[in-house]
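So the sequence lines, in the order shown, correspond to chains A and B. Numbering-wise, the first sequence is residues 31 to 304 according to my numbering. Numbering-wise, the second sequence is residues 31 to 304 according to my numbering. The structure under discussion appears below in the form of structure tokens.
There are 2 protein chains.
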Amino acid sequence: MLIKLATNCGFCFGVKRAIRLAENNPNSVTLGELIHNSKETDRLKNRFAVSIARSIDEIESGKKVIIRTHGIEKKVRERLGEVTNDVIDATCPFVTKPQRIAEQMNQEGYQVVIFGDKTHPEVKGVLSYAGKDAIVVAAADELRRSGLKDRVALISQTTKSIEKFASLAEDLIKRCKETRIYNTICNATFDNQEAARALAKEADVMLIVGGKNSSNTKQLLSIVKEDCSDSYLVEGKDELDRAWFEGKKLCGISAGASTPHWIIEEVKNSLLEF
Amino acid sequence: MLIKLATNCGFCFGVKRAIRLAENNPNSVTLGELIHNSKETDRLKNRFAVSIARSIDEIESGKKVIIRTHGIEKKVRERLGEVTNDVIDATCPFVTKPQRIAEQMNQEGYQVVIFGDKTHPEVKGVLSYAGKDAIVVAAADELRRSGLKDRVALISQTTKSIEKFASLAEDLIKRCKETRIYNTICNATFDNQEAARALAKEADVMLIVGGKNSSNTKQLLSIVKEDCSDSYLVEGKDELDRAWFEGKKLCGISAGASTPHWIIEEVKNSLLEF
Chain A
31 MLIKLATNCG
41 FCFGVKRAIR
51 LAENNPNSVT
61 LGELIHNSKE
71 TDRLKNRFAV
81 SIARSIDEIE
91 SGKKVIIRTH
101 GIEKKVRERL
111 GEVTNDVIDA
121 TCPFVTKPQR
131 IAEQMNQEGY
141 QVVIFGDKTH
151 PEVKGVLSYA
161 GKDAIVVAAA
171 DELRRSGLKD
181 RVALISQTTK
191 SIEKFASLAE
201 DLIKRCKETR
211 IYNTICNATF
221 DNQEAARALA
231 KEADVMLIVG
241 GKNSSNTKQL
251 LSIVKEDCSD
261 SYLVEGKDEL
271 DRAWFEGKKL
281 CGISAGASTP
291 HWIIEEVKNS
301 LLEF
Chain B
31 MLIKLATNCG
41 FCFGVKRAIR
51 LAENNPNSVT
61 LGELIHNSKE
71 TDRLKNRFAV
81 SIARSIDEIE
91 SGKKVIIRTH
101 GIEKKVRERL
111 GEVTNDVIDA
121 TCPFVTKPQR
131 IAEQMNQEGY
141 QVVIFGDKTH
151 PEVKGVLSYA
161 GKDAIVVAAA
171 DELRRSGLKD
181 RVALISQTTK
191 SIEKFASLAE
201 DLIKRCKETR
211 IYNTICNATF
221 DNQEAARALA
231 KEADVMLIVG
241 GKNSSNTKQL
251 LSIVKEDCSD
261 SYLVEGKDEL
271 DRAWFEGKKL
281 CGISAGASTP
291 HWIIEEVKNS
301 LLEF
């Protein structure tokens, strides 16, 4: 069986930046998981003593705090200032952007519509800047049930599929007099999705390596399944099942933006042993 | 054979207003056809001596001039001021709106994309306000061949189909960082299209009454043909062909926004005689 890695996959700019910030600030604490990959956050804890606080209440006063790549809610950012002045912002710049757009559009009187998962920390953060009329929709049918103003601004969670985003926009355009559409899907997401899609067309089995709570990783799985039904999401080599690869000719591998290279390598090496 | 008129069809607000202005200003001249219906412009000429000038050069100095419903180009408007001060503006307010939007978006640094027919007077008028980067596209494949800036504003000719407009927007969203979409399709167009579509689903023959150079009339024909293949565009009763109605049970009638009621009635009465 041949093994082929997608031309674009793994760590994106924002994740690399966040990890560098964490490595350069040992003994700090991240508010929530820095990135959605528990193997990597375990490594940061073991090697750099960078621990995770689940809420502000767990943070001791004056401690150095790193804001996660996904950003945090406006009111949490304000409360954080009451606990410590030593804050390092590892929010991905591609996430800061939709936060700023949401805030500005709300100020200009547009109703903000966010395409995303309302339980995801990135979306919660962006929503907190979007004003009281803002809504989060995960799919076109949710949008159809929502009341809309005449002037609407649409933004996307950075890790969503461009196809679904554009098709949601199509519904909005028909219902609103003015629609401002910000394509805030990040380039890394877009490039990884395109590369995974291309690889899935030639492979007869696909592996997506990444955190099961990572939005962009789950998105990759859903995309490759369209062209390759035998596709699996694994967090690491221990989850591989020999039976998946029996009789297969080409195994394609892609990985989420929060998946470190060493995990991808481990998975690849285990496959070579099969 | 039953005959049924679409619940919405014929003269729209802007056309009614323009005709009232022409009737109230006998002996004036319109720059181009006031509306796209030669039977109605003939009536205005015969009863109110309102004639048509094909260009500014045909207008005698100081003459009272009516600007057509479709509006005119910015530079033509300026030149007109050199010939006469007696100008009555019958531009439909729904056309003035995209002109203003095009001008403002260009000033704010957006590339303006107009969905429409580049030979149509309304589109020529709007384009003249849209700046040097502006483009006119009639279909999605034309858009795909065009270079685009990062920030684009999309507007529509008032008489286009909302479905095609939204699908064009979908392409833009994928290619641009920011897309401002103004749904400038007028309500009358939208209502007429919906009513024609509904009627075409139950009729076994459809007649669209209107000018063959009228954009919204041609659009209606294209829409009803999707559900009723035996659909015909006629300018008046003289074009009816008895063979079209042989063995038919229900004839649906719709009419363009520039089609006067008296022409629709004539067509209907001729059908009753068959």
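Backbone N, C-alpha and C define an ideal beta-carbon position, used for all residues, glycine too. These numbers come from a predicted model, not from an experiment.
Sequence-distant partners of residue 37/B (beyond 5 residues in either direction) whose C-beta falls short of 6 Å from its own C-beta, in its chain, are 225. With three or more CB-CB distances shorter than 8 Å, the region 233-247 of chain B counts as touching the region 279-293 of chain B. Residue state for residue 119/A is assigned as strand, using DSSP reduced to three classes.
Against chain B, the CB of residue 222/A has no partner CB under 7 Å away; the residue lies outside that interface.
Contact annotation: the region 119-129 of chain A does not touch the region 80-88 of chain A, with fewer than three C-beta pairs closer than 8 Å. Annotated three-state conformation of residue 229/A is helix, per DSSP. Residue 145/B has 167/B, 186/B as its beta-bridge partners, per DSSP. Rounded to whole angstroms, the separation of the alpha carbons of residue 148/A and residue 261/A is 26 Å.
At a cut-off of 7 Å between beta carbons, residue 207/B contacts chain A. Just measuring C-alpha positions, the residue of 242/A, 175/A, 265/A, 79/A sitting nearest residue 60/A is 79/A.
When the alpha-carbon of residue 145/B is set against those of 242/B, 231/B, 198/B, 266/B, the nearest one is in 198/B.
Separation of the CB atoms of residue 183/A and residue 140/A is rounded to 4 Å, and the pair is thereby assigned contact status at 8 Å.
Boundaries of the beta strand (DSSP E) around residue 32/A: 32-35.
Around the C-beta of residue 304/A, fewer than 16 other C-beta atoms lie within 10 Å, and the residue is accordingly described as exposed. 66/B is the residue among 215/B, 112/B, 66/B whose C-alpha sits nearest the C-alpha of residue 243/B. Residues of the region 42-63 of chain A with a C-beta less than 9 Å from any C-beta of chain B: none at all.
Inclusion of residue 211/B and residue 203/A in the CB contact set at 7 Å is warranted, their separation being smaller than that value. In the same chain as residue 220/B, and ignoring 5 residues on each side of it, the C-beta atoms closer than 7 Å to its own belong to 192, in chain order. Taken atom to atom, the span from the alpha-carbon of residue 293/A to that of residue 267/A is near 8 Å. Under the DSSP definition of a beta bridge, residue 216/A lacks any partner. For the region 187-211 of chain A, the residues whose beta carbon sits under 9 Å from a beta carbon of chain B are, in order, 192, 193, 195, 196, 197, 199, 200, 201, 202, 203, 204, 205, 206, 207, 208, 209, 210, 211.
According to the DSSP assignment, residue 266/A belongs to no alpha helix (DSSP H), since it is labelled neither H nor E.
With fewer than 16 other CB atoms across the displayed protein chains lying within 10 angstroms of its CB, residue 302/A is exposed.
Our two residues, residue 154/A and residue 103/A, have alpha carbons roughly 6 Å apart in a direct line. Sequence-distant Cβ neighbours of residue 206/A in its own chain, meaning closer than 8 Å and more than five residues away, are 178, 179, 180, 181, 182.
Here DSSP, grouped into helix, strand and coil, assigns residue 250/B to helix. Under the 7 Å criterion on CB atoms, residue 38/B is classed as non-interfacial with respect to chain A.
Note on residue 138/B: under 16 other CB atoms within 10 angstroms of its CB, so exposed under the neighbour-count rule. Shown here, residue 284/A sits in a strand according to DSSP, grouped into three states. Shown here is that no member of the region 111-136 of chain B has a Cβ falling below 7 Å from a Cβ of chain A. CA-to-CA, the gap between residue 53/A and residue 163/A works out to about 40 Å. Taken in chain order, the complete beta strand (DSSP E) segments of 3 or more residues contained in the region 56-138 of chain A are 59-61, 81-83, 95-97, 117-119.
The beta-bridge partner set that DSSP reports for residue 289/B is empty.
Under the three-state reduction of DSSP output, residue 178/B falls in the coil class, being neither helix nor strand. For residue 155/B, the uninterrupted alpha helix (DSSP H) run begins and ends at 151-157, by DSSP. Below the 8 Å Cβ cutoff, chain B contributes 203, 204, 206, 207, 208, 209 as neighbours of residue 213/A, in chain order.
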